[in-house]
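This report refers to the structure that appears directly beneath it.
In this note's numbering, the protein residues as written are 248 to 370.
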């Protein structure tokens, strides 16, 4: 068995980070919005930091739960989310704003919904 309270605390941190990502992505209508201004570049940088934190925290949940919790929610591609963390961390200068824009527009809402469901299920 694992420390459910610790997992719930980590989930709270992840949910907060994702809500910040959502807020910071709202201004962008296309990937160029991240690259055309200094403010856009700063938003991109800050979003990437939050995505790194999310990926690392998901890895921690896997470690704590012996990879049993997240796999119970197969509608989310957990491996890809953790992989984007590794890519951002280790290949930042190869990062394409289009990838981050796509995550913001296509994936972040469903991830947040799934994490809230996991939290609810654990409570």
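Yeah, the Cβ is synthetic: ideal placement off N, Cα and C, and Gly gets one too. Computed from a prediction, not measured in an experiment: that's the story for all the values here.
Opening and closing residue of the alpha helix (DSSP H) in which residue i lies
i	result
residue 260	251-272
residue 356	355-369
residue 337	325-337
Neighbourhood of residue i by C-beta, 6 Å cutoff - its chain only, sequence neighbours within 5 removed
i	result
residue 351	272
Same chain only: Cβ atoms within 7 Å of residue i, ignoring 5 sequence neighbours per side
i	result
residue 255	366, 369
As assigned by DSSP and simplified to three states, the class of residue i
i	result
residue 277	coil
residue 312	coil
residue 296	helix
residue 318	helix
Chain-order list of residues whose beta-carbon lies under 8 Å from that of residue i (same chain, five-residue window excluded)
i	result
residue 262	359, 362, 363, 366
Below 8 Å, can you find three or more Cβ-Cβ pairs linking the segment 275-285 to the segment 299-316?
Fewer than three pairs of CB atoms, one per stretch, sit closer than 8 Å, so the segment 275-285 makes no contact with the segment 299-316.
Taking one C-beta from the segment 339-349 and one from the segment 308-328 each time, how about it: are there three or more such pairs within less than 8 Å?
Segments in contact, no.
Does the segment 290-301 come into contact with the segment 321-333, if we say contact requires no fewer than three beta-carbon pairs (one atom in each stretch) closer than 8 Å?
Verdict: yes, contact present.
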